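The structure under discussion appears below in the form of structure tokens.
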Ligand SMILES: [Zn+2]
């Protein structure tokens, strides 16, 4: 049986002498398919199976339980700028690893559409910064169902006005009175940014709005980035190998 679906290439792996196993993100979730002969005959898939290409995949279902065969793919979008910009390439490698390792049930179509718009958005951005990294990680936390609680103290419900602490373990803001060892301090400005982020819809222009509204310092961004990283560290059983390289690129 033949079927077609849009997909973003996340990774590819050699299988035997001639085939490739291709991992894609689709509106129905992750999909693995075998591209027969893709290592040998480059004709059918000329540069199509590169990471983050958006493709229209034409697949053939085989036996029950077996992976579908990728018969053909049409190119919809290539994020061209990755290939001439080392920083972007490193950023995309990190995103690819996160998208490949993280999985969840539910919201697949919304997730796919966000990633699709996000890749196009990043492709147009002249320079990627810690802001982009934080935004991506923050959205990922949302899809994973780990959006931090930032309106009120997670221990007592009080809404702090000026002094804020944060607990990753309990997933949110802590007030001055409830603070404990291990909670870390956030400035009122950082909390303001978190509030804006958490209120925002799934609009692809969100990032632009935030960037226009807030002039965050490098130090603010460092703290926000360490917050999302701590979440990943706490909740995920694996690490992201490409994170260190990305942090070196951003000098943090
Ligand atoms: Zn409290």
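In our numbering, the protein residues as written are 7 to 258. Note that CB positions come from ideal geometry on N, CA and C, so glycine has one too. For clarity, every value in this text was computed on a predicted model and none was experimentally measured.
* So does residue 164 have its beta carbon nearer than 8 Å to some heavy atom of ligand 1? -> Look at residue 164: its beta carbon is less than 8 Å from one of the heavy atoms in ligand 1.
* Asked: Out of 241, 138, 205, 254, which has the shortest C-alpha to C-alpha gap to residue 222?
  -> Minimum Cα-Cα distance from residue 222 among the listed residues 241, 138, 205, 254 corresponds to 138.
* **Pairwise C-alpha distance: residue 98 and residue 91** => Straight across, the Cα-Cα distance linking residue 91 with residue 98 is about 11 Å.
* **DSSP three-state assignment for residue 86, whether helix, strand or coil** => Residue 86: helix per DSSP, three-state reduction.
* Asked: For the putative contact between residue 86 and residue 123, defined by C-beta atoms under 8 Å, what is the C-beta separation to the nearest angstrom?
  -> Wrong, their Cβ atoms sit about 17 Å apart, outside the cutoff.
* Residue from 23, 192, 232 whose Cα sits closest to the Cα of residue 43 -> Looking only at 23, 192, 232, the smallest Cα-Cα distance to residue 43 is reached by 23.
* Report yes if the C-beta of residue 161 is less than 8 Å from at least one heavy atom of ligand 1; otherwise report no. => True, at least one ligand heavy atom lies under 8 Å from that Cβ.
* Closer than 8 Å: is that where the CB of residue 20 sits relative to any heavy atom of ligand 1? -> Remark: the shortest separation between the CB of residue 20 and any heavy atom of ligand 1 does not fall under 8 Å.
* Asked: Do residue 154 and residue 180 have their C-beta atoms within less than 9 Å of each other?
  -> In this structure, the beta-carbon distance from residue 154 to residue 180 does not fall below 9 Å.
* Asked: Just how far apart, CA to CA, sit residue 6 and residue 152?
  -> With the chain represented from 7 up to 258, any question about residue 6 goes unanswered, as that position is not in the structure.
* Asked: Quick one: Cα of residue 197 to Cα of residue 93, how far?
  -> Each residue's alpha carbon lies about 28 Å from the other.
* If residue 30 and residue 16 are in contact, beta carbons under 8 Å, what's the gap, nearest whole angstrom? -> The C-beta distance from residue 30 to residue 16 rounds to 6 Å, short enough to meet the 8 Å contact threshold.
* Asked: Based on the DSSP secondary-structure assignment, which residues constitute the bridge partners of residue 30?
  -> Answer is 15, 37.
* Asked: What is the C-beta distance between residue 45 and residue 27, in whole angstroms, given that I count them as a contact (C-beta under 8 Å)?
  -> About 11 Å separates the Cβ atoms of residue 45 and residue 27, ruling out a contact at the 8 Å cut-off.
* Asked: Which one of 14, 33, 186 has the shortest CA to CA distance from residue 56?
  -> Measuring from the Cα of residue 56, the nearest candidate turns out to be 14.
* Alpha-carbon spacing of residue 185 relative to residue 38, whole angstroms -> Residue 185 and residue 38: Cα-Cα distance of roughly 46 Å.
* **Opening and closing residue of the beta strand (DSSP E) in which residue 62 lies** => Note, residue 62: beta strand (DSSP E), 60 to 66.
* Going by the CB atoms, is the gap between residue 96 and residue 251 shorter than 9 Å? -> In this structure, residue 96 lies closer than 9 Å to residue 251 by Cβ.
* **Rounded distance between the beta-carbons of residue 149 and residue 110, thought under 8 Å** => 6 Å between Cβ atoms; contact.
* Run the CB neighbour count on residue 199, radius 10 Å, all protein chains shown included, and call it buried at 16 or more, exposed below. => Residue 199 should be labelled buried.
* Asked: In angstroms, rounded to a whole number, what distance separates the CA positions of residue 83 and residue 66?
  -> Those two C-alpha atoms are separated by around 22 Å.
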